[in-house]
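Participant: What follows is a single structure, and I will ask about it in a moment.
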Amino acid sequence: MSAATDTVGIEQLAVDLRTKRTWRSTKSQIMVGLMLLSFVIILIPLVAVIGTVVSKGAGIVFRDFPAWFTKSIPVRTRAAGPGMGPAIIGTLLITGLASALAIPLGILGAVYLHEYGRQSRPARIVRFLANVMTGVPSIVMGLFVYVIFTLRFGLSGLGGALALACLMLPVVIRSTEEMLRLVPEHLREASYALGTRKARTIVSVVLPTALPGVVSGCLLAVARAAGETAPLLFTIGLVTKTNTNVFSGPNTSLSAQIFRNAGEVLPAPQERGWGAAFTLVAITFLFTIFARVVTSAYQKRR
Amino acid sequence: MTVINPPIPSDQGPSDLATGLQGSGGHADKAFRGTAYAAGGLVLVVLGLITYTMVNRSTDAWSHMGLDFFTSRTWNPPERVYGILSYIFGTVYTACIALCLSVPLSLGIALFITQVAPRVVKRTMTYVIDLLAVVPSVVFGLWGVLVLAPNIKGFYKWLSTTFDGWPVLGSIFGPNWQGRSFFTAGIILAVMITPIIVSLSREVIETTPQIEKEAALALGATRWEMIRGAVLPHSKGGIVGAVMLGLGRAMGETIAVALVIGSATGQIGFNVLASGNSMPAVITAEWGEADGLKKSALIAMAVTLFAMTIFVNVVATAVVNRSMKKSRGA
Chain A
591 MSAATDTVGI
601 EQLAVDLRTK
611 RTWRSTKSQI
621 MVGLMLLSFV
631 IILIPLVAVI
641 GTVVSKGAGI
651 VFRDFPAWFT
661 KSIPVRTRAA
671 GPGMGPAIIG
681 TLLITGLASA
691 LAIPLGILGA
701 VYLHEYGRQS
711 RPARIVRFLA
721 NVMTGVPSIV
731 MGLFVYVIFT
741 LRFGLSGLGG
751 ALALACLMLP
761 VVIRSTEEML
771 RLVPEHLREA
781 SYALGTRKAR
791 TIVSVVLPTA
801 LPGVVSGCLL
811 AVARAAGETA
821 PLLFTIGLVT
831 KTNTNVFSGP
841 NTSLSAQIFR
851 NAGEVLPAPQ
861 ERGWGAAFTL
871 VAITFLFTIF
881 ARVVTSAYQK
891 RR
Chain B
1161 MTVINPPIPS
1171 DQGPSDLATG
1181 LQGSGGHADK
1191 AFRGTAYAAG
1201 GLVLVVLGLI
1211 TYTMVNRSTD
1221 AWSHMGLDFF
1231 TSRTWNPPER
1241 VYGILSYIFG
1251 TVYTACIALC
1261 LSVPLSLGIA
1271 LFITQVAPRV
1281 VKRTMTYVID
1291 LLAVVPSVVF
1301 GLWGVLVLAP
1311 NIKGFYKWLS
1321 TTFDGWPVLG
1331 SIFGPNWQGR
1341 SFFTAGIILA
1351 VMITPIIVSL
1361 SREVIETTPQ
1371 IEKEAALALG
1381 ATRWEMIRGA
1391 VLPHSKGGIV
1401 GAVMLGLGRA
1411 MGETIAVALV
1421 IGSATGQIGF
1431 NVLASGNSMP
1441 AVITAEWGEA
1451 DGLKKSALIA
1461 MAVTLFAMTI
1471 FVNVVATAVV
1481 NRSMKKSRGA
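Read top to bottom, the protein sequences are chains A and B.
So the mapping is simple: my numbering equals the position in the first sequence, first residue as 1, plus 590.
So the mapping is simple: my numbering equals the position in the second sequence, first residue as 1, plus 1160.
Shown next as structure tokens:
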């Protein structure tokens, strides 16, 4: 047996294995081909959606340039003409307010989970529920805020911001905790060794170290929130004039305008829908790209 | 849970030691700690409030309809009859169509990214998939209703006529095809949940120990055999969890579905090409003109949806956690 192997020569055997096309190696290649194919298939809708939004929307946004961003929305949906200014301002204000609520609380929640609670029972419950909370449908959040807030205080940007904040909170908690986990334990120990208190250590050692990752996670959450529609429908109402007061009076957002115009049959509102979609996609992509830049700068530094 | 950093029991770490050493500044420390605890507790509070207030608000509808709320397919607000069976069906059915389309694709992509792609390609593909996750659902809806639905009719007609008379496929691709249908909604949902399933299963797949993969290759396995023999058995649980999280997301998706599902009441049937409706879509569409009892019924529908998605998510999270723990412990 071993004599036979010797005469064939081990190298030749190895070469044989590599060059010979068996059914097994062909099958492996077919499966890899299918995997690549599935990536190509998912590219089709992505390219189609973004392509349509850019080709139909960009022209409308830039046709009469400043008007799209400054003018009010036509009161009659059928009327032609530009104007998405109130929705752009509404989206930025509401998303901004939601971020101001959810990001600090989310980061603090993550600090609790990773710096204080760790693997204790309450922390594990909170971690589990935060995971579950990411799955709460956005429309349920919207109705929830409607029930506890809008019924009492009326339609306002704040209601929308509360709903968005509830959606963002678990996302921020999860991504921040992931980042805190990456902070080396010895940094904390070094800080304690200098006699620094725990709160001080977290604020001036742990969080700055994790900052780029935390920022990129938060930006992704903001981008996601900016595109939400369902929670806003019940909480902010619909207006055609700019309302810069987020705390009172109905407001509007790009996503709500897209939804409103998507159901229309006439070309004028449909055009406005595409224009709004282009503006919204541009805003969310800007946030995402910014998040990417921050993350890659972070990775390079490490 | 398992011993991760054995030297220091994490709760009485060096921090408490430090507190003991210093005299001043303890208040700030305690205040910060209290705030962090409160923020952690906020998750509990919000989830509790959602459950309490929503159930509370929907009692009118529950007591008015009783069990018929779930078992009747008649939704007739002027007659004060609210049965949501067909909407539950629509929600689950579109989500299942989405899974059928998305799971093979997501697995293929996740395996390609983790096992086949060289580093640079891997990063680019991850970016592209993440990009898909950032496109707002209302934009998918807009594209679905204005571009996909009108243009896919020809394909539906072809499906419907080709499979006419076949045993199972004949009823799945039945007559009465519509541009806005269960299947269109399923396609849009599939595109939306694919990035979620990909990123979660990628995480799980990446925990496969290198040594197991190398062992398979050393035994002469081809790449596919290595994946089947080492990677898939290792990450099976996590992938199941990832798929379930995708299912939960698909059931809760509102705006895109509302635009493309066709809003047909009472539709229960396996014809994927027919129009139907789903719970979130009905809530969105009918909220505007709802009065007291109808509002209560719509909130009751939201409670049902909430319960269903929470159930799916709890099971999924538990499955993912367990498989992650197993793979970390190993």
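All C-beta atoms, glycine included, are put in the ideal place defined by N, C-alpha and C.
1) Given a cut-off of 8 Å on the beta-carbon distance, is the pair residue 1294/B and residue 814/A in contact?
2) For the stretch 1450-1475 of chain B, list every residue whose C-beta sits within 9 Å of some C-beta in chain A, in sequence order.
3) Mind checking whether residue 1303/B and residue 1316/B have CB atoms under 8 Å apart?
4) Could you spell out where the alpha helix (DSSP H) holding residue 802/A opens and where it closes?
5) Would residue 672/A pass as an interface residue toward chain B - the criterion being a Cβ-Cβ separation below 8 Å?
6) Shorter than 8 Å from the beta carbon of residue 721/A to some beta carbon of chain B?
7) Restricting to runs no shorter than 4 residues, where is the alpha helix (DSSP H) found entirely within the stretch 1321-1382 of chain B?
8) Hey, would you say residue 1245/B sits closer than 8 Å to residue 1266/B, going by beta carbons?
9) I'd like to know whether the C-beta atoms of residue 867/A and residue 1188/B end up nearer to each other than 8 Å.
10) Helix, strand or coil for residue 1236/B? Go by DSSP, reduced to three states.
11) Using a Cβ-Cβ distance cut-off of 8 Å, determine whether residue 1217/B contacts chain A.
12) Examine chain A for any beta-carbon lying closer than 8 Å to the beta-carbon of residue 1239/B, and answer yes or no.
13) Using the Cβ count rule (16 or more neighbours within 10 Å means buried), how would you classify residue 616/A?
14) Are residue 1353/B and residue 1262/B closer than 8 Å when you measure CB to CB?
15) Using a C-beta cutoff of 8 Å, does residue 1374/B count as contacting chain A?
16) Run through the stretch 1219-1295 of chain B for me and flag every whole beta strand (DSSP E) of 3 or more residues, listed as ranges in chain order.
17) Residue 1406/B to residue 1350/B, Cα distance in whole Å?
18) Would you mind reading off the limits of the alpha helix (DSSP H) that contains residue 621/A?
19) Hey, out of 1259/B, 1276/B and 1203/B, whose CA is closest to residue 713/A's CA?
20) Can you list, in chain order, the residues of its chain with a C-beta nearer than 7 Å to that of residue 1310/B? Leave out the 5 residues immediately preceding and following it.
21) Can a CB atom of chain B be found closer than 8 Å to the CB of residue 625/A?
22) Which residues in the same chain as residue 842/A place their Cβ atom closer than 6 Å to its Cβ, once the five residues preceding and following it in sequence are excluded?
23) Whole angstroms are fine: how far does the CA of residue 1355/B sit from the CA of residue 1436/B?
24) Within the continuous alpha helix (DSSP H) that includes residue 1439/B, where are the two ends?
25) Which of helix, strand or coil does DSSP assign to residue 1202/B?
26) Find the residues of chain D that neighbour residue 1213/B, judging by a C-beta separation of less than 8 Å, and give them in chain order.
27) If you draw a straight line from the C-alpha of residue 1305/B to the C-alpha of residue 857/A, how long is it?
28) Closer than 7 Å, Cβ to any Cβ of chain B: which residues of the stretch 821-850 of chain A, in chain order?
29) Kindly confirm or deny that the stretch 850-865 of chain A and the stretch 659-676 of chain A touch, where touching means at least three C-beta pairs closer than 8 Å.
30) Taking beta-carbon pairs under 8 Å, can you tell me which members of the stretch 756-788 of chain A lie near chain B?
31) With 16 other CB atoms within 10 Å as the buried threshold, where does residue 835/A fall?
32) Mind pulling the chain A residues with CB within less than 8 Å of residue 1409/B?
33) In chain B, which residues lie with their C-beta within 8 Å of the C-beta of residue 632/A?
34) So, do the stretch 1437-1449 of chain B and the stretch 1285-1294 of chain B have three or more beta carbon pairs nearer to each other than 8 Å?
35) Counting Cβ pairs closer than 8 Å, one from the stretch 786-804 of chain A and one from the stretch 734-748 of chain A, do we hit at least three?
36) When DSSP labels each residue in this structure, what does residue 754/A get in the three-state scheme?
Facilitator: Taking the geometry as given:
1) yes
2) 1458, 1459, 1462, 1463, 1465, 1466, 1469, 1470, 1472, 1473 and 1474
3) no
4) 797-816
5) no
6) yes
7) 1329-1332, 1342-1365 and 1370-1378
8) no
9) no
10) strand
11) yes
12) no
13) exposed
14) yes
15) no
16) none
17) 9 Å
18) 613-653
19) 1203/B
20) 1339
21) yes
22) 676, 677, 680, 828 and 829
23) 26 Å
24) 1439-1446
25) helix
26) The chain labelled as chain D is not found among the protein chains of the depicted structure, namely A and B.
27) 14 Å
28) 823, 824, 845, 848 and 849
29) yes
30) 756, 759, 760, 763, 775, 778, 779, 782, 783, 785, 786, 787 and 788
31) exposed
32) 725
33) 1265, 1269, 1289, 1292, 1351 and 1354
34) no
35) no
36) helix
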